[in-house]
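Undergrad:
There are 2 protein chains.
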Amino acid sequence: MVKGNVVVGQSGGPTSVINSSLVGVFKAAKDAGVEKIYGMRNGIEGFLNKKVVDMSEYVKNELDIELLKRTPSSFLGTCRFKLPSVEESEATYKLLFSIMEELDIKYFFYIGGNDSMDTIKKLSNYAEEIGSDIRFMGVPKTIDNDLAVTDHTPGYGSAAKYIASALKEIIRDVNTYPTESVTVVEIMGRNAGWLTAAAALSRAEDCPGPDLIYLPEVTFDYDRFLEQVKAVKKKKTSVVIAVSEGIKLANGEYVCEDNKQATFEDSFGHKSLGGTALYLADFIGANLGVKSRGIVFSTLQRCASHIVSRRDITEAFMAGSEAVQAALNGETGKMIIFTRTSNEPYNIICSTYDVNKIANIEKVVPDEWIINDGTYVSDEFLAYCRPLIIGELTPFMVDGLPRHLFLD
Amino acid sequence: MVKGNVVVGQSGGPTSVINSSLVGVFKAAKDAGVEKIYGMRNGIEGFLNKKVVDMSEYVKNELDIELLKRTPSSFLGTCRFKLPSVEESEATYKLLFSIMEELDIKYFFYIGGNDSMDTIKKLSNYAEEIGSDIRFMGVPKTIDNDLAVTDHTPGYGSAAKYIASALKEIIRDVNTYPTESVTVVEIMGRNAGWLTAAAALSRAEDCPGPDLIYLPEVTFDYDRFLEQVKAVKKKKTSVVIAVSEGIKLANGEYVCEDNKQATFEDSFGHKSLGGTALYLADFIGANLGVKSRGIVFSTLQRCASHIVSRRDITEAFMAGSEAVQAALNGETGKMIIFTRTSNEPYNIICSTYDVNKIANIEKVVPDEWIINDGTYVSDEFLAYCRPLIIGELTPFMVDGLPRHLFLD
């Protein structure tokens, strides 16, 4: 029997596999004999209001575990809450630690991206300061794949698989018409182009793939863009272009801001982007006199659990499970990382890493993987990405639709 | 051995199962001993330029047949070509019949929607006029489900399944945030709301479904809309609204036209719509001061073959196959129709019907199935629609992505 309870939370934008990590934490903690495994409602924000659930009341058996693995979005709810620094509000920390004391929490797991790792960093550092023995572990999660140190992040593979699959279908759809057209597909990724780059996976024996790919890592230029589209159009009836929502001009402005689209800022100061594809489709239509269409993958990139990567699901589960093992072994202030030892056959090693060296660092697509004057990605990228989308996990279909586990 | 050859074409907007009908025609014709089964490239438009392929060169074995069933969009390519009337251009008819004579065509199959049935009607009537023995059969296909007489159309079930599945995931995604939001999801359907109504299928034990559904059958009014959204917002944190791309104001204008979005007209005089969801999301954001997002399902509704309805695939195949049987039995100027004899257990009868009584008539959602002051659909609709989305056909996955059969 392990002394003390577990609390686990989910934070930031959800993914198709974030619940697999939750299940990984839950099952490992349960198997280790932890008495109570609490789930935070809406992450640290809900936890500050003592909004927790007893996970065992919702995940009652092996079927529930399998169903939760197939459930997209954050089962416990999420938040975009920036934990203030100790200097800004020590009261917040005192409150959090008092809630943990009250619930006899000894192990704290947070499944999330960069901002969540910032939370783990702050909490573990504060625990050290006050001599608390509560252990804080980060479980990586983000479709953006922009976390430092780890080879990749759970959530990325499934989003990449969705993007490449949907793009294959869209390309087949546009190619069925004999008329000229340009289709601009908008893909998520604020500053890192990992997801947009995954569009290249759709190029295969049975699919030409996108003709041009624009990542946020490369400064966008309207004139150059137009020339590049024109050049492809000379050779092809249907042109398909993948663009990141976050492409920026030389002056630092987002292309979508030219669309005068309302932009929101979240509490981390991130702008909510949108409108890039529609704007560029209009731009091409107006300048090249060709039928053009903007397609936005939108939130389905992160929630299309009906077509996930089996490998991603498995690794997400493992990340949660390993975080529990590490915490039980006395580790704290760490995040689970993957280190790739081989592409073919694919192999990774799962270990832990100091969260202080991970939090708040954004990993972008390396320059040398961006080719063709900033309009495509290299075979090295494909060799890196392809193993991450392998395998399927069949949804549980009820009445013709995927079934999910729900909390309330 | 059957005397004379077969030609088959695909027309109009593609679907996820249009190639199943193609396979149905191909297999039935081959099994009957037809020597040559020609496929028109890009429908009647390509056929007028004698662009045909020998289907047997591409569909070589049973595996190809299964792969083609899993391939979205029109394998042979499509067109939006309006066949002129005989009065307008008898030369066109003479050209078509001379090409058919040259290729020794005795059986002509056209897979499509209303406009394609208009083509079958004109050609079969002309054949009768000139005493030709060539038989013309229509195979129904449209995600819009707007063809008269038939209970439903192949293509609709799979599109409905995609819409309901994706919507379940989107609803789960928006509900994970503790903050207020309104999401407007735009669904295809110019004048008929069958697809938008299918959004209601997502309401189940594990999903609240959309809160409001706006069909093109009901005149849209901004003020009433705002009041209806406000009323839901009082009760719920996340509001999800399904709207048809084709909703219209009392003055007959499309809502999306208010967006001053470029609209295209095809050769049938149909306007290409878009922008409804984004416009309404902005409208709500501006009027209710709430975070709002527009999501457009776009062409994935008609090409997401990775999540099709097995029943739809089977029926699409059957429609193609039965068209061949009917033509071989001497029928012409007919379309395949489905008549439902029972909902539970689901049962249909497949037969033929005079295309003159089908072409150019649009079937819309009946008034009595539209409830809640024009904001939802009834249980009768659900009982009608649910059987059509049942069952799955697993894609053939290669390197983590669905594989398709391709022509060139």
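Chains as they are written, first to last, in the numbering used here: chain V, 1 to 408; chain S, 1001 to 1408. Note that beta-carbon positions come from the ideal geometry of N, C-alpha and C, so glycine has one too.
Let me know the secondary structure DSSP gives A1304(S) once reduced to three states.
TA: Correct three-state label for A1304(S): coil.
Undergrad: Helix, strand or coil, according to DSSP, for F406(V) in the structure here?
TA: Correct three-state label for F406(V): coil.
Undergrad: Anyone know if the C-beta pair for I1120(S) and S1074(S) falls short of 8 Å?
TA: Result no, Cβ atoms of I1120(S) and S1074(S) do not sit closer than 8 Å.
Undergrad: Touch check for the region 321-338 of chain V and the region 130-150 of chain V: three-plus C-beta pairs under 8 Å?
TA: The answer is yes - the region 130-150 of chain V touches the region 321-338 of chain V, with three or more Cβ pairs under 8 Å.
Undergrad: Under the three-state reduction of DSSP, which class applies to R1135(S): helix, strand or coil?
TA: Three-state result, R1135(S): strand.
Undergrad: Spell out the partners DSSP gives Y279(V) in its beta bridges.
TA: Y279(V) is not bridged to any residue.
Undergrad: Going by beta carbon distance, what residues of the same chain come within less than 6 Å of S292(V), once the five residues before and after it are set aside?
TA: Correct list, in chain order: V182, A281, I284, G285.
Undergrad: Is the CB-CB distance between G12(V) and G77(V) below 8 Å?
TA: No, the pair does not count as a contact, with Cβ atoms beyond the cut-off.
Undergrad: What residues from the region 232-244 of chain V come within 7 Å of chain S, judged by C-beta to C-beta, listed N to C?
TA: So nothing in the stretch comes that close.
Undergrad: Rounded to whole angstroms, what is the Cα-Cα separation between L1409(S) and S1202(S)?
TA: Only positions 1001 to 1408 of chain S appear in the structure, and residue 1409(S) is not among them; the question remains open.
Undergrad: Given a threshold of 16 other Cβ atoms within 10 Å of its Cβ, counted over all protein chains shown, does N175(V) qualify as buried or as exposed?
TA: Burial call: buried.
Undergrad: I think V1324(S) touches V1025(S), with their Cβ atoms under 8 Å apart; what is that distance to the nearest whole Å?
TA: About 6 Å separates the two Cβ atoms, so the contact holds.
Undergrad: Taking 8 Å as the threshold (beta carbon to beta carbon), is G1004(S) in contact with chain V?
TA: With 8 Å as the cut-off, G1004(S) does not count as an interface residue toward chain V.
Undergrad: Out of S1116(S), V1229(S), S1016(S), point me to the one whose CA is closest to F1470(S)'s CA.
TA: Residue 1470(S) is absent from the structure shown; chain S starts at 1001 and stops at 1408.
Undergrad: What residues in the region 386-404 of chain V bring their beta carbon closer than 8 Å to a beta carbon of chain S?
TA: Answer set for the region 386-404 of chain V: R386, I389, I390, G391, E392, T394, M397, V398, D399, G400, L401, P402, R403, H404.
Undergrad: For I213(V), which option in V184(V), V23(V), G252(V) has the closest C-alpha, if you only look at C-alpha atoms?
TA: Among V184(V), V23(V), G252(V), the Cα nearest to that of I213(V) belongs to V184(V).
Undergrad: Using beta carbons (cut-off 8 Å, strictly below), is A1164(S) in contact with chain V?
TA: At least one chain V Cβ lies under 8 Å of A1164(S).
Undergrad: So, N1005(S) versus L1103(S), is the Cβ gap smaller than 8 Å?
TA: Yes, Cβ-Cβ distance for N1005(S) and L1103(S) is below 8 Å.
Undergrad: Alpha carbon to alpha carbon, how far is C1079(S) from K1003(S)?
TA: Rounded to the nearest angstrom, the two C-alpha atoms are 29 Å apart.
Undergrad: What are the partner residues of Y1093(S), as DSSP defines its beta bridges?
TA: Answer by DSSP bridge pairing: none, since Y1093(S) is not bridged.
Undergrad: Would you list, in chain order, the members of the region 33-45 of chain V that have their beta-carbon closer than 7 Å to a beta-carbon of chain S?
TA: Taking 7 Å as the Cβ-Cβ cut-off against chain S, the residues of the region 33-45 of chain V that qualify are N42, E45.
Undergrad: To the nearest angstrom, how far is the alpha carbon of H1404(S) from that of S1305(S)?
TA: Taking the straight line joining both Cα atoms gives about 10 Å.
Undergrad: When we look at the beta-carbon of G1246(S) and count the other beta-carbons within 10 Å, is it buried (16 or more) or exposed?
TA: It counts as buried.
Undergrad: If you compare alpha carbons, which of I389(V), A319(V), I349(V), R386(V) is closest to A28(V)?
TA: The candidate whose alpha carbon is nearest that of A28(V) is A319(V).
Undergrad: Should the region 1365-1374 of chain S be regarded as contacting the region 1125-1136 of chain S, the criterion being three or more beta carbon pairs within less than 8 Å?
TA: At 8 Å Cβ cutoff, the stretches do not touch.
Undergrad: Alpha carbon to alpha carbon, how far is I1105(S) from W1194(S)?
TA: Each residue's Cα considered, the two are about 36 Å apart.
Undergrad: Y1038(S) and V1053(S) - do their beta-carbons sit closer together than 8 Å?
TA: Their beta carbons are under 8 Å apart, which means V1053(S) touches Y1038(S) by this criterion.
Undergrad: Could you work out which residue in R1386(S), V1139(S), M1188(S), E1180(S) is closest to S1342(S) when comparing CA atoms only?
TA: Comparing Cα-Cα distances from S1342(S) to each of R1386(S), V1139(S), M1188(S), E1180(S), the minimum goes to R1386(S).
Undergrad: With DSSP as the reference, identify every bridge partner of R1293(S), one or two as the case may be.
TA: T1183(S).
Undergrad: K1036(S): which of F1108(S), E1392(S), A1159(S) sits nearest, CA to CA?
TA: K1036(S) has its Cα closest to that of F1108(S), out of F1108(S), E1392(S), A1159(S).
Undergrad: Please name the residue in S165(V), T142(V), D206(V), M40(V) whose C-alpha comes closest to that of I99(V).
TA: Of the listed residues, the one whose Cα sits closest to I99(V) is M40(V).
Undergrad: In chain S, which residues lie with their C-beta within 8 Å of the C-beta of D206(V)?
TA: Residues of chain S passing the Cβ test: R1403, H1404, L1405, F1406.
Undergrad: What does I1371(S) pair with, by DSSP beta-bridge criteria?
TA: Paired residue(s): Y1376(S).
Undergrad: Which residue or residues does DSSP assign as beta-bridge partners of Q325(V)?
TA: In the DSSP output, where bridge partners are listed per residue, Q325(V) has none listed.
Undergrad: Write down the C-beta distance between A326(V) and M117(V) rounded to the nearest angstrom, noting that I regard them as a contact closer than 8 Å.
TA: Not quite, the Cβ-Cβ distance comes to about 15 Å (not below 8 Å), so this is no contact.
Undergrad: Tell whether a beta-carbon distance below 8 Å holds between N1191(S) and V1364(S).
TA: Going by C-beta atoms, N1191(S) is nearer than 8 Å to V1364(S).
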